[in-house]
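Heads up: the structure comes next, in structure tokens.
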Amino acid sequence: MTAATRSAPDSPAHGGQRTFGHRLADHGIDRVLLLLVPGVLFLVLLFVYPFLYGLQLSFAPQGGGGPLANYQTFFSDPYLRDTIWTTLSIGVPAALLNVLVSVPIAYRMRGRFRGKRTLTTLLVVPIALGTVLTAEGLIAYLGPSGWINKFLRDFNLVDQPLLLVHNYWGVFFSLIITGFPFAFLLVLSYLSGIDPNLERAASVMGAGWWQRFRRVTLPLLVPGLAITFCLSFVLAFSVFPSANLVGDPSGSTRVISIAAYHAAFEQFDYSMGSAISMIMGAVMLAIIAIVLGWRSSMFRGAAGGKG
Amino acid sequence: MAAAAKAPASLIPTATRRRFRPSGLGGWLIWGLVAFFFINLAALISTVVLDSFATTWFGSWVPDGFTAHWYGDAWAEFNLTDVLTVTAQVAIVVVVVSALIGVPAAYALARRNFPGKSLVTVLFLLPILIPPITYGIPLATVLYRVHMAGSLPGVILANLVPTVPFVVLIMIPFIEQIDPKIEAAARMCGAGTTTIFVRILGPLLVPGILAAAILVLVRTVGMFELTFLTSGPSSSTLVVVLYDAVFGAGIRAPQEVDAMAVVYTSSMLILLVIALRFVNPTQLVTRIGDR
Numbered sequence: 001m002t003a004a005t006r007s008a009p010d011s012p013a014h015g016g017q018r019t020f021g022h023r024l025a026d027h028g029i030d031r032v033l034l035l036l037v038p039g040v041l042f043l044v045l046l047f048v049y050p051f052l053y054g055l056q057l058s059f060a061p062q063g064g065g066g067p068l069a070n071y072q073t074f075f076s077d078p079y080l081r082d083t084i085w086t087t088l089s090i091g092v093p094a095a096l097l098n099v100l101v102s103v104p105i106a107y108r109m110r111g112r113f114r115g116k117r118t119l120t121t122l123l124v125v126p127i128a129l130g131t132v133l134t135a136e137g138l139i140a141y142l143g144p145s146g147w148i149n150k151f152l153r154d155f156n157l158v159d160q161p162l163l164l165v166h167n168y169w170g171v172f173f174s175l176i177i178t179g180f181p182f183a184f185l186l187v188l189s190y191l192s193g194i195d196p197n198l199e200r201a202a203s204v205m206g207a208g209w210w211q212r213f214r215r216v217t218l219p220l221l222v223p224g225l226a227i228t229f230c231l232s233f234v235l236a237f238s239v240f241p242s243a244n245l246v247g248d249p250s251g252s253t254r255v256i257s258i259a260a261y262h263a264a265f266e267q268f269d270y271s272m273g274s275a276i277s278m279i280m281g282a283v284m285l286a287i288i289a290i291v292l293g294w295r296s297s298m299f300r301g302a303a304g305g306k307g
Numbered sequence: 308m309a310a311a312a313k314a315p316a317s318l319i320p321t322a323t324r325r326r327f328r329p330s331g332l333g334g335w336l337i338w339g340l341v342a343f344f345f346i347n348l349a350a351l352i353s354t355v356v357l358d359s360f361a362t363t364w365f366g367s368w369v370p371d372g373f374t375a376h377w378y379g380d381a382w383a384e385f386n387l388t389d390v391l392t393v394t395a396q397v398a399i400v401v402v403v404v405s406a407l408i409g410v411p412a413a414y415a416l417a418r419r420n421f422p423g424k425s426l427v428t429v430l431f432l433l434p435i436l437i438p439p440i441t442y443g444i445p446l447a448t449v450l451y452r453v454h455m456a457g458s459l460p461g462v463i464l465a466n467l468v469p470t471v472p473f474v475v476l477i478m479i480p481f482i483e484q485i486d487p488k489i490e491a492a493a494r495m496c497g498a499g500t501t502t503i504f505v506r507i508l509g510p511l512l513v514p515g516i517l518a519a520a521i522l523v524l525v526r527t528v529g530m531f532e533l534t535f536l537t538s539g540p541s542s543s544t545l546v547v548v549l550y551d552a553v554f555g556a557g558i559r560a561p562q563e564v565d566a567m568a569v570v571y572t573s574s575m576l577i578l579l580v581i582a583l584r585f586v587n588p589t590q591l592v593t594r595i596g597d598r
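Here the protein sequences come in this chain order: F and B.
So for the first sequence, this note's numbering puts the first residue at 1; every next one is plus one.
So for the second sequence, this note's numbering puts the first residue at 308; every next one is plus one.
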């Protein structure tokens, strides 16, 4: 980081190279940067190149037509086009709910208390279980003969078993189970980063808990909330296994990732599959840009208040 | 309300450690929400576990009888020995390779400021922020073109894409907290770069590398999308086999699938318990989200 940390060039004998090496070293370029090469090379080969390859492939439709034929097909075929709306109608409410429910809970639990470590540990369990196991559990637990429906019927709360899986709600519940702990832990760590003295000062000035929350904590928390929402949304938007397992993959939960998979690996139209992947990425980026843009226009300067 | 706090809690000085005590309507509501979440989560997991031991279970609160033979059946039908071998191979190779590539890169990023550093940082951030299914499809397409998909190396390569940056992000703070003067001192005493890495930095970084390795292990065993997109019949990991058993065609007893799910869950939970000895969950999520 400072000049003291830099290693001396290995061959001091070469005068000309040495000064050049020194000048580069002043900009932080020396042999240590070679350590970056494998990592960068690897990502360029397996991340950047496939992405560019997919982008290029999406403009070379297998069925002929102009370079934009795939995109035209996607937006003119309602079966494909509507997957965007389906995905948004699952992902946005799930992400919003995860973030909004996390805020009051995290606000209550932001201090130190006994058992906090246990609680946060328990919250990691659903993240670690993953979507496949959650889906498998949901099918049995929320299914027509599962415990929830048995409970509701034995207490005469419903006549017919509630249909909670193999439809919109199954996917929604699965997104809550895996998404809520993630959102909660993020919000909690953002809240823990806000100096508690700010709230104490507000309290001394006579602010009630609502005013303290509304006027002090919330504005400081908003940047973190925007990031949490974006990450939760990205997780929900890319839902794939649970949409197939606990959802209705050919109807109400035919999300865009299913459409992309279907095109690429069931119809073997890699070009169309890549095009849908690109659209998926573009929609995701658009939503993130809207949220972050809203944040910076509404709360300029608040980002520095953290910690 | 005070009844919720048990007597021993009052013995602990409140100034240092406050017991979480619900107060007021809002407090109870929030406590109730958390409890509701955990009750459902526990019930969900118990359903799977109970069903895997059930002779038959339909419509009653608990199964009609208990048996363990589904585990043997599932083990035989899904070739779980092979599947677990593949899973272990993939996970171990991914852990070792991502550490070998990631730790040096993290060192360079932690110690140097150079032109284009932000570009490199973004390159290491993107595979973590972008969900696997989005880049997984073009990646799998490329791997199919070069005939790597469906094989073990293909699955390993695909799984390395998010884990290499993951190791880098975890290691940067660990490396930053090591005083560069230690390295300078070692160099003064005549140590070469290799010696510094092996004898000075290596031992100091062991806790960080262990934390990164165990997290990568959890992530790889649980990684569904990339493995699913790139694996073939002989290179599927446990989570993909589980998905195929649930989603794929064919008639099999649900108990068998649940038995496999329990095998998967227990292995994940064991890994998780080990992981949490090294990492605090709040820091873990912040580190991924904040950067």
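The beta-carbon is built from N, C-alpha and C at its ideal position, and this holds for glycine as well.
Under 7 angstroms by beta carbon: chain C residues contacting Ala350(B): You won't find chain C in this structure, because its protein chains are F and B.
query: Checking contacts by CB at 8 angstroms: is Arg108(F) closer than that to chain B?
result: For the purposes of this step, residue 108(F) is taken as residue 108 along the first sequence, with counting starting at 1. The Cβ of Arg108(F) sits closer than 8 angstroms to at least one Cβ of chain B.
- request: Compile a chain-ordered list of the residues in the region 196–212 of chain F whose CB is closer than 7 angstroms to at least one CB of chain B.
  value: Considering only beta carbons, no part of the region 196–212 of chain F lies closer than 7 angstroms to chain B.
message: Please state the DSSP three-state secondary structure of Phe373(B).
response: On the second sequence, position 66 is the one that residue 373(B) refers to. Phe373(B) sits in a strand when the DSSP states are folded into three classes.
- prompt: Between the C-alpha atoms of Ala552(B) and Val564(B), what's the straight-line distance to the nearest angstrom?
  reply: By 1-based counting over the second sequence, the position of residue 552(B) is 245. By 1-based counting over the second sequence, the position of residue 564(B) is 257. One C-alpha to the other measures close to 6 angstroms.
- request: State buried or exposed for Ala465(B), treating a residue as buried only when at least 16 other CB atoms are found within 10 Å of its CB.
  value: By 1-based counting over the second sequence, the position of residue 465(B) is 158. So Ala465(B) counts as buried.
task: Quick one: grab the DSSP three-state call for Phe554(B).
output: Numbered from 1 along the second sequence, position 247 holds the residue referred to as residue 554(B). The answer is helix: DSSP assigns Phe554(B) an H, G or I state.
- request: Could you work out which residues of chain F lie near Thr572(B), taking near to mean beta carbons separated by less than 8 angstroms?
  value: Counted from its first residue, the second sequence places residue 572(B) at position 265. Near Thr572(B) (Cβ distances below 8 angstroms), the residues of chain F are Leu129, Leu133.
- prompt: Under the three-state reduction of DSSP, which class applies to Phe113(F): helix, strand or coil?
  reply: Here residue 113(F) corresponds to residue number 113 of the first sequence, with the count starting at 1. Strand, per DSSP.
Coarse secondary structure for Ala568(B), derived from DSSP in three states: Reading the second sequence from its first residue, position 261 is the one you call residue 568(B). Here Ala568(B) sits in helix by DSSP.
Nearest neighbour of Thr478(B), chosen from Ala406(B), Thr501(B), Ile352(B) [CA to CA]: Along the second sequence, read from residue 1 onward, the residue named residue 478(B) stands at position 171. The sequence as given places Met at residue 478(B); Thr does not occur at that position. It is Ala406(B) whose Cα lies nearest to the Cα of Met478(B).
- prompt: Do three or more CB pairs link the region 359–367 of chain B to the region 503–519 of chain B at distances below 8 angstroms?
  reply: Taking one beta carbon from each stretch, the region 359–367 of chain B and the region 503–519 of chain B have fewer than 3 pairs nearer than 8 angstroms; the two do not touch.
- request: Anything in chain B within Cβ reach of Asn244(F), meaning under 7 angstroms, just list it in chain order.
  value: The count along the first sequence starts at 1 and reaches residue 244(F) at position 244. Listed along the chain, the chain B residues whose CB falls inside 7 angstroms of the CB of Asn244(F) are Phe554.
- request: Kindly indicate if chain F contains any beta-carbon less than 8 angstroms away from that of Met478(B).
  value: Here residue 478(B) is taken as the residue at index 171 of the second sequence, counted from 1. Proximity of Met478(B) to chain F, defined by a Cβ-Cβ separation below 8 angstroms, is not satisfied.
- prompt: Looking only at C-alpha atoms, which of Arg506(B), Phe431(B), Ile440(B) sits nearest to Thr470(B)?
  reply: Your numbering for residue 470(B) matches position 163 in the second sequence. The shortest Cα separation from Thr470(B) among Arg506(B), Phe431(B), Ile440(B) belongs to Phe431(B).
field: Buried or exposed by the 16-neighbour rule on C-beta atoms within 10 Å, applied to Leu579(B)
entry: Looking up residue 579(B) in the second sequence gives position 272. Result: buried.
Contact belief for Val234(F) with Val255(F) at Cβ below 8 angstroms, rounded distance in angstroms: Here residue 234(F) refers to the residue found at position 234 when the first sequence is read from its first residue. Here residue 255(F) refers to the residue found at position 255 when the first sequence is read from its first residue. Contact between Val234(F) and Val255(F) is absent: CB atoms are separated by about 13 angstroms, not below the 8 angstroms threshold.
- prompt: Based on the DSSP output, what are the partners of Ala361(B) in its beta bridges?
  reply: Against the second sequence, residue 361(B) aligns to sequence position 54. Partner(s): Phe373(B).
field: Between the CA atoms of Ser458(B) and Pro445(B) - distance to the nearest angstrom
entry: Your numbering for residue 445(B) matches position 138 in the second sequence. Your numbering for residue 458(B) matches position 151 in the second sequence. Taking the straight line joining both Cα atoms gives about 17 angstroms.
message: Using a Cβ-Cβ distance cut-off of 8 angstroms, determine whether Ser89(F) contacts chain B.
response: As a first step, residue 89(F) must be located in the first sequence, where it is residue number 89. No, no contact with chain B.
query: What distance in whole Å lies between the Cβ atoms of Phe531(B) and Val132(F), which are believed to be in contact at a cut-off of 8 angstroms?
result: As a first step, residue 132(F) must be located in the first sequence, where it is residue number 132. As a first step, residue 531(B) must be located in the second sequence, where it is residue number 224. With a Cβ gap of about 6 angstroms, Val132(F) and Phe531(B) count as contacting.
message: Judging by CA-CA distance, which residue of Leu46(F), Ile84(F), Ile139(F) is the nearest neighbour of Ile352(B)?
response: On the second sequence, residue 352(B) is found 45 positions in, with the first residue counted as 1. For Ile352(B), the nearest C-alpha among the options comes from Ile139(F).
message: Would you say Val475(B) lies against chain F (beta-carbon separation less than 8 angstroms)?
response: Sequence index remark: in the second sequence, residue 475(B) carries index 168 (1-based). Yes, contact with chain F.
- prompt: Contact check, Ser543(B) vs Val390(B) under 8 angstroms by CB: the rounded distance?
  reply: Translated into the one-based positions of the second sequence, residue 543(B) becomes position 236. Translated into the one-based positions of the second sequence, residue 390(B) becomes position 83. Confirmed, Cβ separation roughly 7 angstroms.
- prompt: Thinking just about the alpha-carbon of each residue, which of Ile177(F), Ile258(F), Pro196(F) is nearest to the one in Arg110(F)?
  reply: Counting from 1 along the first sequence, the entry for residue 110(F) is found at position 110. With distances taken between CA atoms, Arg110(F) lies nearest to Pro196(F) out of Ile177(F), Ile258(F), Pro196(F).
- request: Provide the residue span of the alpha helix (DSSP H) that contains Glu532(B), from first to last.
  value: What you label residue 532(B) is simply residue 225 of the second sequence in a count that begins at 1. Element bounds for Glu532(B): 532–537.
query: Considering only the beta carbon of each residue, do Leu476(B) and Gly461(B) sit closer than 8 angstroms?
result: On the second sequence, position 169 is the one that residue 476(B) refers to. On the second sequence, position 154 is the one that residue 461(B) refers to. No; because the gap between Cβ atoms is not below 8 angstroms, this pair is not in contact.
message: Nearest by alpha-carbon distance to Ser573(B): which of Val393(B), Gly529(B), Pro439(B) is it?
response: Position 266 of the second sequence holds residue 573(B). For the residues Val393(B), Gly529(B), Pro439(B), the minimum Cα distance to Ser573(B) belongs to Gly529(B).
task: Would you kindly work out how many angstroms separate the C-alpha atoms of Ala348(B) and Pro249(F), rounded to a whole number?
output: Your numbering for residue 348(B) matches position 41 in the second sequence. Your numbering for residue 249(F) matches position 249 in the first sequence. The sequence as given places Leu at residue 348(B); Ala does not occur at that position. If you take the alpha carbons of Leu348(B) and Pro249(F), they lie about 24 angstroms apart.
- prompt: How would you write the range of the alpha helix (DSSP H) that Met478(B) sits in, first residue to last?
  reply: Taking the first residue of the second sequence as 1, we reach residue 478(B) at position 171. Where Met478(B) is concerned, the enclosing alpha helix (DSSP H) stretches over 459–483.
- prompt: To the nearest angstrom, how far is it from the Cα of Ala491(B) to the Cα of Ala498(B)?
  reply: Indexing the second sequence from 1 puts residue 491(B) at position 184. Indexing the second sequence from 1 puts residue 498(B) at position 191. Distance between the alpha carbons of Ala491(B) and Ala498(B) is about 9 angstroms.
- request: Show which residues of chain B have a CB atom less than 8 angstroms away from the CB atom of Glu136(F).
  value: If you number the first sequence from 1, residue 136(F) lands on position 136. By Cβ distance, chain B contributes Val355, Leu549, Val553, Val564, Asp565, Ala568.
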